[in-house]
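Just so you know, the sequence shown maps onto residues 1 to 349 in full-length UniProt numbering.
Don't be surprised by glycine CBs; every beta carbon is placed ideally from N, CA and C.
All of these numbers come straight from a predicted model, not from anything done at the bench.
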Amino acid sequence: MLSFTPLHPTFGAEVHGADLATISDAGLDEIKHAIGKYGFLVFRATGLDDDSHVAFSRRLGDLDDIGRYLTPGRKLRYRHIELFDAGNVDEHGRLLHPDSARAHQAKGNGLFHVDSSFNPRRASYSLLRAVVLPPAADNEAEDNGGPTTTDFADARAAYDTLPPDLQADLRAHDYVGTHAIAHSRKLADPAFYRDLNVDAQPHMRHRILQRQDPFDDNDGDDDGGRDSHWTLYVGAHLHYLEGVPRAASDALIARLNAHATHPSRTVSVPWHQPGDLVMWDNRVVLHRAGAGAFAGRHVRDLRRTTVHDAGAGAWGLNGAGTAMPGFHYDPAQPAAATPAVAPTVAVSS
Numbered sequence: 001m002l003s004f005t006p007l008h009p010t011f012g013a014e015v016h017g018a019d020l021a022t023i024s025d026a027g028l029d030e031i032k033h034a035i036g037k038y039g040f041l042v043f044r045a046t047g048l049d050d051d052s053h054v055a056f057s058r059r060l061g062d063l064d065d066i067g068r069y070l071t072p073g074r075k076l077r078y079r080h081i082e083l084f085d086a087g088n089v090d091e092h093g094r095l096l097h098p099d100s101a102r103a104h105q106a107k108g109n110g111l112f113h114v115d116s117s118f119n120p121r122r123a124s125y126s127l128l129r130a131v132v133l134p135p136a137a138d139n140e141a142e143d144n145g146g147p148t149t150t151d152f153a154d155a156r157a158a159y160d161t162l163p164p165d166l167q168a169d170l171r172a173h174d175y176v177g178t179h180a181i182a183h184s185r186k187l188a189d190p191a192f193y194r195d196l197n198v199d200a201q202p203h204m205r206h207r208i209l210q211r212q213d214p215f216d217d218n219d220g221d222d223d224g225g226r227d228s229h230w231t232l233y234v235g236a237h238l239h240y241l242e243g244v245p246r247a248a249s250d251a252l253i254a255r256l257n258a259h260a261t262h263p264s265r266t267v268s269v270p271w272h273q274p275g276d277l278v279m280w281d282n283r284v285v286l287h288r289a290g291a292g293a294f295a296g297r298h299v300r301d302l303r304r305t306t307v308h309d310a311g312a313g314a315w316g317l318n319g320a321g322t323a324m325p326g327f328h329y330d331p332a333q334p335a336a337a338t339p340a341v342a343p344t345v346a347v348s349s
């Protein structure tokens, strides 16, 4: 029997009593129900390694792979193509040079975002595991300024707390957002990406106001939508709103992102030890990598699996089967930038 300690009045919980490597189907169903309720779950000292991390994730659905993000010549540090490298080390395990293209690109992870919103197919769950962490802060010695964190924002509570007139506007207009990973990268590091034309990069289309059934277990079956809830599908990858003048689009996106990530609707989850794992539902929460003075000083090796959404709205307003874009950009090699891909004409609702 699992138990849950809530981390915030509206979302987030720490899970007790779960052995993810051997959990039964009934236990897995309990986790799915809990993440539908809480949006994100924290598991401490799981004991998972790369193999068991990937194996558990596969029980939740089809997994994304990171092959399209690898620049020519880059080698994986591990054998699983399904593991996204969310750390700050190179393929040899050394700290990334702060002026490397990967280090600049990683700055975008520090903005609140939704994993894979820039893809034609949404992500359902992400599972992020700590492998190596910076040294813990010492009360008597200046070290890394405190434990490293991953921060979460509640997209359901964000909609619930909008002014009624703005809620009505969002429902009436049913805005379509275009998302691009290039946008979040340039937003986080405008100097490095100053010559990157975001408009020429691949964009994918998803409604910014969506209804999500918390009991949708991502198995592809219709669970009835019995308790569906409005949620804001926004974040740093959201570039502009279709059919809205750019200035007005920018203003509304900025307002929604600021509201969704207001401190009253966020939780910072500290990483305590290797083996800690956080699982979240990208359809109802936003997240970001917490800041820390460890950058450039200490290794922070985190690895993530990402589960493809199998629900009715998985492909947004993009054609099912649309190719997943990558992202490669280095101002020293501008010709290597990801080529533009036109968004697919809407075929789903």
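When burial is assigned at 16 or more other CB atoms within 10 Å of the CB, is residue i buried or exposed?
{"i": "Pro-325", "result": "buried"}
{"i": "Lys-32", "result": "buried"}
{"i": "Met-204", "result": "buried"}
{"i": "Lys-75", "result": "exposed"}
{"i": "residue 352", "result": "Because the chain here runs from 1 to 349, residue 352 falls outside it and cannot be looked at."}
{"i": "Arg-226", "result": "Residue confidence for Arg-226 is low, a pLDDT of 47 falling below 50, so the modelled location carries little weight; the figure read from the coordinates is stated next. Answer is exposed; the Cβ neighbour count stays below 16."}
{"i": "Ser-264", "result": "exposed"}
{"i": "Pro-98", "result": "exposed"}
{"i": "Ala-314", "result": "buried"}
{"i": "Ser-24", "result": "exposed"}
{"i": "His-179", "result": "buried"}
{"i": "residue 355", "result": "The structure shown does not extend to residue 355, since the chain is modelled only from 1 to 349, so the question has no answer here."}
If we call anything under 8 Å between Cβ atoms a contact, is residue i one with residue j?
{"i": "Gly-61", "j": "Asp-216", "result": "no"}
{"i": "Asn-282", "j": "Pro-120", "result": "no"}
{"i": "Arg-211", "j": "Gly-316", "result": "no"}
{"i": "Thr-306", "j": "Ser-126", "result": "yes"}
{"i": "Arg-156", "j": "Val-284", "result": "yes"}
{"i": "Glu-82", "j": "Leu-63", "result": "yes"}
{"i": "Pro-134", "j": "Pro-270", "result": "no"}
{"i": "Leu-286", "j": "Val-114", "result": "yes"}
{"i": "Leu-48", "j": "Leu-277", "result": "yes"}
{"i": "Gln-167", "j": "Ala-182", "result": "no"}
Got a sec? Which residues, its chain only, sit under 6 Å from residue i by beta carbon, not counting five neighbours each side?
{"i": "His-16", "result": "Ser-3"}
{"i": "Asn-109", "result": "Ala-289"}
{"i": "Lys-107", "result": "Ala-188, Asp-189"}
{"i": "Leu-209", "result": "Leu-170"}
{"i": "Tyr-233", "result": "His-206, Ile-208, Gln-210"}
{"i": "Val-299", "result": "Val-89, Val-132"}
Got a sec? Which residues, its chain only, sit under 7 Å from residue i by beta carbon, not counting five neighbours each side?
{"i": "Ser-249", "result": "Tyr-240, Leu-241"}
{"i": "Ser-229", "result": "Before going further, note that residue 229 is His rather than Ser in the sequence given. If we look at His-229 and ignore the five residues flanking it on each side, its Cβ neighbours are Arg-156, Arg-211, Gln-212, Pro-214."}
{"i": "His-259", "result": "Ala-158, Leu-162"}
{"i": "Leu-28", "result": "Arg-59"}
Using only CA atoms, which one of the options lies nearest to residue i?
{"i": "Val-89", "options": "Ala-21, Arg-246, Ala-101", "result": "Ala-101"}
{"i": "Gly-275", "options": "Gly-36, Lys-37, His-53", "result": "His-53"}
{"i": "Asp-174", "options": "Gln-273, Met-279, Val-244", "result": "Val-244"}
{"i": "Leu-128", "options": "Asp-301, His-308, Met-1", "result": "Asp-301"}
Only counting the same chain, and skipping five residues up and downstream in sequence, which positions put a Cβ closer than 8 Å to that of residue i?
{"i": "Leu-111", "result": "Ser-184, Leu-187, Ala-188, Gly-235, Ala-236, Arg-288"}
{"i": "Arg-68", "result": "Met-324, Pro-325, Gly-326"}
Segments assigned alpha helix (DSSP H), at least 4 residues, entirely inside the stretch 46-134
Correct list: 50-58, 101-106.
If we require 4 or more residues per run, which alpha helix (DSSP H) segments fall completely within the stretch 270-317?
Along the stretch 270-317, the alpha helix (DSSP H) does not occur as any fully enclosed run of 4 or more residues.
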